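A short worksheet on the structure shown next.
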Amino acid sequence: MNKNYNSKLAIFIFAFPTLILFTAFVVYPIIPELIISFQNNDGFKNMGYIGLDNYRSILMSATFWKSNANTILIVAISTCVGLPISLLLALLMDRQTEGVRRFFKLSSVFPAVLSVTVIGQMWIAIYEPQWGVINSVLRSIGLNNLALEWLSDKRTVVIAIAVAFLWQYIGLNALLFYTGIKSIPKTYYEAATIDGASFLKTSIKITIPLLQDVTKYLLVLSVLGCMSQFAHVRIMTAGGPGDASRTVIYELYYRAFSASDYGQGCAIAIIFIIECLLFTLIINKFVAREKVEF
Amino acid sequence: MIKLKKVASLLLSAAVVASLAACGGGNTASDSSVSSSTTSTSQASAKSSEKVNLKFLSLSADDNRNKIRENYIKKNIEKDMPNVVVEYDLGGGGDDYANKLKTYNASGDMPDVWFSEQNLSSVVISAGNALDLAPYVTKTGFDKKFTMKEVIAPDADGKIYCVQPGADQYFTPRLWYHKDIFTKNNIQVPKTFDELVKVCETLKAKGITPISIVGKGGWSPNLHMLQTMIMAEDPQVAVDLTNNKTDFSNPVVKNALGRIQKLVKVGAFAPGITNIDYGPAVEMYTSNKAAMLAMFTWELPNLEKASPDTDFIVWPSAKEGVDANAAIQYWGAPLSGYLVSTKTENPEVAAQFAMFCATQDALFYNTENKSMTALDTGVKIEGMSELAKKNLDQFNAATLKIPSLWSAIYNTRMSAEITTLDSNLLTGDYSPDEFIKAINPIWAKNFDK
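First to last, the sequence lines map onto chains A and B.
All residue numbers for the first sequence refer to the working numbering, where the first residue is 10 and numbers rise by one.
All residue numbers for the second sequence refer to the working numbering, where the first residue is 2 and numbers rise by one.
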């Protein structure tokens with residue numbers, strides 16, 4: 010009993026500073042945000058409590074739903090396309106010689122540490138309709154019809170931004186997968202080799218199942234990272250053309266800072282928190298539920 | 002064991018004392034600098050030899066603003082205000098600048114002095130963060146230096162929140178064009194909107210971008226093109242909009258929106274127009290990739306320097322009987338200029354610095370741009386180019402001068418919304434009706450206090 014008490018006390022003592030910091034910097038700021046979301050507030054003064062009006066306006070706004078759809082599209086591209094590519098790169102990296110692997114590691118991290126401004130400008134140049142790399146290549150091989158105005162066309166702009174975002178983090182994710190692969194005991198592979206298993210079979214039967222903790226971690230990181238996508242949109246299109254490429258966070262920024270409606274901005278923030286919690290719960294519920302130990 | 006503990010505790014104590022001493026030393030040094038600056042700030046007006054620190058937020062995204070800051074303010078401050086030490090806060094331009102200023106405003110922690118345009122100034126003033134400069138302006142006789150008294154006139158509440166060079170009042174949007182490209186392609190200067198459309202079609206067919214505009218965030222339609230198109234048909238409607246006597250459902254406004262849409266559809270603008278920023282738009286013209294440039298006259302010196310074959314067209318009229326030369330829109334607004342924070346520690350020095358900045362601004366325009374300012378700097382403008390003379394003559398000859406809707410009329414909400422809608426308009430698949438339906442509810446609240 011005494012031992013148990015001591016153990017709980019110890020846990021409390023060790024967790025207390027972190028809990029205080031978490032409460033002060035994460036939980037506490039949500040409270041004023043929640044209060045402002047019920048106000049007619051321009052960021053400088055509260056012009057009265059208006060109940061659920063801000064939430065009503067937001068939920069009835071076509072732009073808000075469009076920004077949600079854009080965000081989900083970016084999440085889908087980054088996770089459904091980006092993570093498998095990262096995993097494939099990690100599997101390939103594992104089979105290379107040390108020199109190639111070192112080059113791979115270095116070049117993987119490089120885009121992730123570059124400033125988003127640099128990445129954004131680089132992709133603006135790549136997508137430039139008249140002299141950008143993509144359209145130049147397409148024209149040179151006779152595919153003039155596919156040479157689009159990537160960042161000015163409402164049909165392509167979100168995908169174009171998602172690709173830039175995906176490109177930036179694909180290498181870093183590959184490196185994290187690779188770290189996971191290296192932590193798998195070699196004995197499994199030795200046994201598989203003796204049994205004559207191919208690279209594909211080894212990857213499917215051993216590597217991928219044993220990477221589920223890393224996969225879950227990257228999935229949460231990737232989904233939440235994409236959900237809060239802002240900088241790439243700000244730099245590459247400023248949410249345009251019109252409001253075509255706004256994400257939820259960009260819409261929040263637009264309402265709060267550009268349109269000076271902090272009440273609506275905070276309402277979006279509260280809805281966004283709920284959305285993020287839902288996504289995290291779904292991932293926790295359905296991905297990597299069984300703990301694999303090796 | 003006990004001995005070891007003693008040694009350890011002794012070492013720990015020594016380390017703690019040493020680190021505290023180090024921190025304390027650091028604090029003393031910084032405290033002294035802070036306290037000395039604070040003291041000097043509060044006593045600066047009494048003893049001009051003591052240094053006063055001021056934080057100055059300025060636009061840093063366009064050449065003119067950078068030249069004013071680097072070649073005039075920074076250069077002359079040491080001579081004119083030797084007791085002032087300025088910390089320059091470079092805020093970028095456009096939305097970035099606006100958001101930075103709004104964030105400062107929301108926190109209440111404003112820079113001592115900053116530059117802002119009408120819609121931003123209004124926000125800061127309503128938050129109570131802008132100082133009334135009237136006592137300093139009258140005390141120094143700064144108000145006597147203006148040739149246009151409305152530029153330094155008090156606001157509705159009798160206070161003067163802003164000092165400015167009065168250069169903006171002379172800025173107007175023009176349609177600049179390359180004479181060489183027109184001559185080479187046997188193109189006549191268009192006098193009507195229909196002729197302009199034909200010129201665009203001809204140029205487009207020859208592989209030349211007809212008109213370069215700033216499309217990102219709908220910049221050109223926001224700042225001038227929509228108003229220009231309204232004035233091309235009926236200038237009185239623009240006047241009515243400035244006085245809140247009509248709204249965007251006015252048929253003239255609808256036609257104006259339709260004309261912008263038509264230009265988009267005939268390919269008057271470069272591909273990917275909604276993502277072309279200020280710099281690339283100007284560069285597209287100066288590098289001869291575009292035959293025309295829709296831009297304000299503040300770019301005149303840069304344009305004639307970069308492209309000596311530059312001339313301008315008065316925006317063509319869109320209705321028979323409308324004289325395109327008779328009405329002109331000007332950029333200036335009463336609250337566009339330098340403002341001072343109410344929380345500045347030395348309001349007198351900050352106000353003097355704001356007036357100094359306005360003067361340097363005017364000097365830049367008088368000497369480098371050879372352009373007029375309402376603030377009389379005593380500089381006689383000599384060597385004005387033929388193009389600048391032509392521009393000034395046409396400006397002075399206009400009988401109706403209408404303030405810019407963007408710079409003088411729109412509030413922040415309206416500016417934000419019209420930015421989105423103008424950007425939509427530039428895609429070519431957004432109809433005037435959709436535009437009007439979206440903007441009218443926002444416009445209805447534009448004049449709310």
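Note that beta-carbon positions come from the ideal geometry of N, C-alpha and C, so glycine has one too.
Treat the numbers as computed from the prediction; the structure is a model and nothing was measured.
Option nearest residue i by Cα separation, candidates the options
i, options, result
"residue 345 of chain B", "B:109, B:166 and B:104", "B:109"
"residue 131 of chain B", "B:333, B:242 and B:340", "B:340"
"residue 331 of chain B", "B:226, B:180, B:276 and B:112", "B:226"
"residue 223 of chain A", "A:158, A:201 and A:183", "A:183"
"residue 318 of chain B", "B:74, B:228 and B:122", "B:228"
"residue 80 of chain A", "A:171, A:265, A:61 and A:198", "A:171"
"residue 246 of chain A", "A:161, A:50 and A:55", "A:161"
"residue 449 of chain B", "B:400, B:245, B:204 and B:361", "B:245"
"residue 188 of chain B", "B:431, B:303 and B:293", "B:293"
"residue 95 of chain B", "B:125, B:176 and B:221", "B:221"
"residue 244 of chain A", "A:95, A:150, A:166 and A:190", "A:166"
"residue 62 of chain A", "A:74, A:143 and A:49", "A:49"
"residue 209 of chain B", "B:223, B:178, B:148 and B:67", "B:178"
"residue 58 of chain B", "B:92, B:300, B:413 and B:270", "B:92"
"residue 274 of chain A", "A:31, A:37 and A:42", "A:42"
"residue 315 of chain B", "B:397, B:419, B:192 and B:302", "B:192"
"residue 289 of chain A", "A:269, A:230, A:242 and A:148", "A:230"
"residue 415 of chain B", "A:263, A:280 and A:278", "A:263"
"residue 76 of chain B", "B:176, B:216 and B:357", "B:357"
"residue 225 of chain A", "A:47, A:60, A:295 and A:150", "A:295"
"residue 337 of chain B", "B:81, B:161 and B:74", "B:161"
"residue 173 of chain A", "A:242, A:141 and A:56", "A:242"
"residue 281 of chain B", "A:60, A:139, A:33 and A:249", "A:139"
"residue 80 of chain B", "B:398, B:354 and B:422", "B:354"
CB contact flag (residue i, residue j, <8 Å)
i, j, result
"residue 253 of chain A", "residue 177 of chain A", "no"
"residue 87 of chain A", "residue 235 of chain A", "yes"
"residue 231 of chain B", "residue 295 of chain B", "no"
"residue 84 of chain A", "residue 232 of chain A", "yes"
"residue 375 of chain B", "residue 152 of chain B", "yes"
"residue 134 of chain B", "residue 117 of chain B", "no"
"residue 90 of chain B", "residue 112 of chain B", "yes"
"residue 468 of chain B", "residue 128 of chain B", "The requested residue 468 of chain B is not part of the displayed model; chain B covers only 2 to 450."
"residue 400 of chain B", "residue 325 of chain B", "no"
"residue 158 of chain B", "residue 310 of chain B", "no"
"residue 392 of chain B", "residue 298 of chain B", "yes"
"residue 323 of chain B", "residue 439 of chain B", "no"
"residue 384 of chain B", "residue 402 of chain B", "no"
"residue 136 of chain A", "residue 159 of chain A", "yes"
"residue 410 of chain B", "residue 223 of chain B", "no"
"residue 99 of chain A", "residue 217 of chain A", "no"
"residue 164 of chain A", "residue 156 of chain A", "no"
"residue 173 of chain B", "residue 382 of chain B", "no"
"residue 278 of chain A", "residue 261 of chain A", "yes"
"residue 164 of chain B", "residue 138 of chain B", "yes"
"residue 78 of chain B", "residue 362 of chain B", "no"
"residue 53 of chain B", "residue 85 of chain B", "yes"
Integer Cβ distance of residue i from residue j, believed to fall under 8 Å
i, j, result
"residue 76 of chain A", "residue 259 of chain A", "7 Å"
"residue 228 of chain A", "residue 283 of chain A", "19 Å between Cβ atoms; not a contact."
"residue 335 of chain B", "residue 62 of chain B", "The Cβ separation is near 23 Å, so there is no contact."
"residue 201 of chain B", "residue 283 of chain B", "Rounded, the Cβ-Cβ distance is 19 Å, inconsistent with contact."
Residue i: contacting residues in chain D (beta-carbon distance under 8 Å)
i, result
"residue 52 of chain A", "The structure shown contains no chain D; its protein chains are A and B."
Check: residue i C-beta below 7 Å from any heavy atom of the ligand PLP
i, result
"residue 391 of chain B", "Although the ligand PLP was asked about, the structure shown includes no ligands whatsoever."
So, do the stretch 153 to 168 of chain B and the stretch 351 to 368 of chain B have three or more beta carbon pairs nearer to each other than 8 Å?
yes
Using a Cβ distance threshold of 8 Å, determine whether the stretch 248 to 256 of chain B contacts the stretch 267 to 278 of chain B, with at least three qualifying pairs required.
no
Of all the beta strand (DSSP E) runs that stay within the bounds of the stretch 290 to 338 of chain B, which reach a length of 3 or more residues?
291 to 297, 311 to 314 and 328 to 331
Counting beta carbon pairs with one atom in the stretch 404 to 411 of chain B and one in the stretch 190 to 206 of chain B, are three or more of them shorter than 8 Å?
no
Would you be able to state if there are at least three C-beta pairs under 8 Å between the stretch 419 to 434 of chain B and the stretch 127 to 146 of chain B?
no
Between the stretch 130 to 144 of chain A and the stretch 210 to 217 of chain A, do three or more beta carbon pairs fall short of 8 Å?
no
Could you pull out every unbroken alpha helix (DSSP H) segment of at least 4 residues lying fully inside the stretch 251 to 287 of chain B, listed in chain order?
252 to 266 and 279 to 287
Beta strand (DSSP E) runs wholly inside the stretch 12 to 78 of chain A, at least 3 long, in chain order:
48 to 50 and 55 to 58
Between the stretch 408 to 426 of chain B and the stretch 255 to 272 of chain B, can you find at least three pairs of beta-carbon atoms closer than 8 Å?
The stretch 255 to 272 of chain B is in contact with the stretch 408 to 426 of chain B.
Continuous alpha helix (DSSP H) assignments of at least 4 residues falling wholly in the stretch 166 to 249 of chain A:
166 to 191, 195 to 203, 208 to 211, 221 to 236 and 240 to 245
Check whether the stretch 194 to 203 of chain A and the stretch 106 to 119 of chain A touch, using three or more Cβ-Cβ pairs below 8 Å as the test.
no
Along the chain, which unbroken stretches of the alpha helix (DSSP H) at least 4 residues long are found entirely within the stretch 172 to 201 of chain B?
180 to 185
Pick out the complete beta strand (DSSP E) segments inside the stretch 355 to 429 of chain B, 3 residues or longer, and give them in chain order.
List check, beta strand (DSSP E) in window: 401 to 404.
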